[in-house]
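Residue numbers (the working numbering): 1 to 104. Glycine included, C-beta positions come from ideal geometry on N, C-alpha and C. This structure is a prediction, so every number in the text was calculated from the model and none was measured. What follows is one structure encoded as structure tokens, with my remarks underneath.
This is the structure in structure tokens:
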């Protein structure tokens, strides 16, 4: 076999294996899921809590990020409330102007 024919063979083999994998995934999804590598389960939910309680530097970082997230959330809510109040005021103005022009 020449190097060129060997390269062609490798390419064809890779394409055939890819096509076979796609067919298996479509026809036998549960089997393919079982044969596929999955990452291990994440740490327990309390692992981060333990780290927060035991590591002062991590606690400071966590609290700073939490404070920033809470401030962003408050700012977003304040902006939404202001927009709702402005829309309500415009609606009141439209309703008041519309009532004066109509005959009862």
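Report back the beta-carbon spacing between residue i and residue j to the nearest angstrom; my notes put them in contact at under 8 Å.
i, j, result
"residue 32", "residue 25", "5 Å"
"residue 42", "residue 52", "That belief does not hold up - the Cβ atoms of residue 42 and residue 52 are roughly 16 Å apart, past 8 Å."
Specify, as a first and last residue, the run of the alpha helix (DSSP H) that residue i falls within.
i, result
"residue 111", "Examination of residue 111 is not possible in this model, given that the chain is present from 1 through 104 alone."
"residue 54", "45–54"
**Message:** Ignoring anything shorter than 4 residues, give me the alpha helix (DSSP H) runs that lie fully in the segment 53–97, in order along the chain.
**Reply:** Listed in chain order, nothing qualifies, since the segment 53–97 has no complete alpha helix (DSSP H) run of 4 or more residues.
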